[in-house]
Amino acid sequence: MRIGRYNVLGTLGRGGMGGVYKVGHQALGRVMALKLLQPHELLNELMGEDKVRSAFLREARLLGSCDHRNIASVWDLDEDRGRPFMVLEYLCMNVGDLIGEGRVVENATRIVPPRTALDFVRQTLDGLEYLHGLGIVHLDVKPGNLMLAGDGTIKLIDLGLSRLRGEAWVKPRGLKIGSPYYAAPEQEENPENAGERADLYAVGVVLHRLVSGLLPVDGLADLPLFSQTWREFFIRALATDPAARFQDAGVMRAALDSLDEDLQSRSDNDCVLAEPECTVMGTLRSVPLRTGVGPRPFDFLDELYRPLKFHEAELEEVADGWLDRCTGLVWGPVSSWPMTWDEGVASVADDWRMPTVEEVVSLLRPGQGLVEFCHRPFEGRYLWVWTGDRRSYTSAWFVDVGGGAVLAQDRSCRFHVRPVRSV
């Protein structure tokens, strides 16, 4: 199947305005994302076909005019059999995928380490500050619209229903602008008048979600992490009155520094590493497998694909890596850059191999007090690490080291590799 001059390699998702496909550019040999105008019938009824088409083209041109590391890049705008499409940089995962936010948004999600959450939010605010400087209000900031590159760079997407300063626009009757729980109160009431601070409200909800796994529906979550400093931040970020919120994205970003300082002041308690006792739950599987696409293929993970129990790891530096005396495994260095699964397999030397899910999970440690996972075995870096296990012909399993969870993604995604060998 082709769309224009692009070969369709798979389906990435679908929104109200169109389908998103993984495509290949034959001449360049490069994977890209293609968004094709295929509006939902209800959207056509609410807006009319001409306005939907205009909104799609407007989004492509807005994104195409942006030049910022935290805004997804548009590389092409064309038509296929009368239907417009835009071609964007291929980013295979978003923050919603990372935390496991599904269709039932009210359900609890996975969390990410607080410092990583602050980094994600800081990058989001950088992107929003740029958009706001251009007079663009996003109006749909949420985890699913924060794409992630393999090195952890955040890329904002979906400007389809954004507002542009000075642009005359009236919301069609019955059309909701934004996403439930993330949309600011004034946006739900009258999106035509929602301004930059509506985006900042959504950022506050995103941060709460990332560090707690919960939505601040009935107030803030009751967590040890939420000291007075954090509570004061959220009270301002989530204020019902826009005037009581942070003045702009730059001011909100500066306020994140106080949260970072609060974490640093309690860092001695962040990650208390007890002396290991080498309690390994059975022999760790060393032969890679293909699990299939059925639900919960690993019985040692919970419904959010986090370990039900943790192993102990006793790491000792040796000539060619780190020896875990509890498992008898030697771990090589983490790759210097993220790579596709196939590139990772090819990069492993003959006397090393890609680890299985069980083997990588054996290095994870539970956090102490501040809902953070210790990742000393990964040299303190927040990483996504490929395993040798595949989910299907096109997808493989990787481990979110910082969040302590196992996920699957397309083999063309770029994550880090850490080889292993048995003693």
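First residue of the sequence shown? That's 1 in the UniProt record's numbering, and the numbers climb one at a time after it.
We put the beta carbon where it would ideally sit given N, CA and C, even for glycine.
Computed from a predicted model, the values in this text were never measured in an experiment.
* Residue environment, Gln187, which counts as buried when at least 16 other CB atoms sit within 10 Å -> buried
* Asked: For Arg231, does the count of other Cβ atoms within 10 angstroms reach 16, so buried, or fall short, so exposed?
  -> exposed
* By DSSP, does Ser422 sit in helix, in strand, or in coil? -> strand
* To do: For the beta strand (DSSP E) containing Met147, list its first residue and its last residue.
  => Leu146 to Leu148
* Where does Gly13 sit, in a helix, a strand or coil, going by DSSP? -> strand
* Asked: In chain order, what residues of the same chain lie with their CB nearer than 6 Å to the CB of Ala408, ignoring the 5 residues before and after it?
  -> Arg391, Ser395 and Trp397
* **Spatially closest choice to Pro414 from Gly404, Thr387 and Pro355, by CA coordinates** => Looking at the sequence provided, one finds Arg at residue 414 rather than Pro. Of the candidates Gly404, Thr387 and Pro355, the one whose C-alpha sits nearest the C-alpha of Arg414 is Thr387.
* Where does Glu365 land, buried or exposed, given buried means 16+ other C-beta within 10 angstroms? -> A quick correction: the sequence has Arg, not Glu, at residue 365. With 16 or more Cβ atoms within 10 Å of its Cβ, Arg365 is classed as buried.
* Residue span of the alpha helix (DSSP H) that contains Gln264, given as start and end -> Ala249 to Ser265
* Which of helix, strand or coil DSSP assigns to Trp322 -> strand
* To do: Tell me whether Ile154 is buried or exposed, calling it buried when 16 or more other Cβ atoms sit within 10 Å of its Cβ.
  => buried
* Does the distance from the C-beta atom of Val334 to that of His208 stay below 8 Å? -> no
* **Extent of the continuous beta strand (DSSP E) to which Ile154 belongs** => Ile154 to Leu156
* Out of curiosity, what's the CA-to-CA distance linking Phe226 and Arg245? -> 19 Å
* Asked: Taking the beta strand (DSSP E) that Asp97 falls in, what are its first and last residues?
  -> Premise fails: Asp97 lies in the alpha helix (DSSP H), Val95 to Ile99, not in any beta strand (DSSP E).
* Relative to the C-alpha of Thr340, which residue among Ile99, Ala405, Arg418 and Pro288 is closest? -> Arg418
* Asked: Does the beta-carbon distance from Val87 to Tyr6 come in below 8 Å?
  -> yes
* Expected contact under 8 Å - CB spacing of Gly213 and Thr109 to nearest Å -> 5 Å
* Pull up the distance between the alpha-carbon of Gly19 and that of Gln38, whole angstroms please. => 6 Å
* Going by DSSP, what residues sit across from Ala396 in a beta bridge? -> Arg390 and Gln409
* Under the rule that 16 or more other beta-carbon atoms within 10 Å means buried, what is Gln123, buried or exposed? -> buried
* **Residue(s) in a DSSP beta bridge with Gly22** => The sequence shown places Lys at residue 22, not Gly. Lys22 pairs with Gly10 and Ala33.
* What do you reckon, are the CB atoms on Gly82 and Val74 nearer than 8 Å? -> no
* Cα-Cα separation, Leu159 to Ala60 -> 8 Å
* Asked: Skipping 5 residues on each side, what residues in its chain have a beta carbon closer than 7 Å to that of Gly204?
  -> Phe234, Ala237 and Leu238
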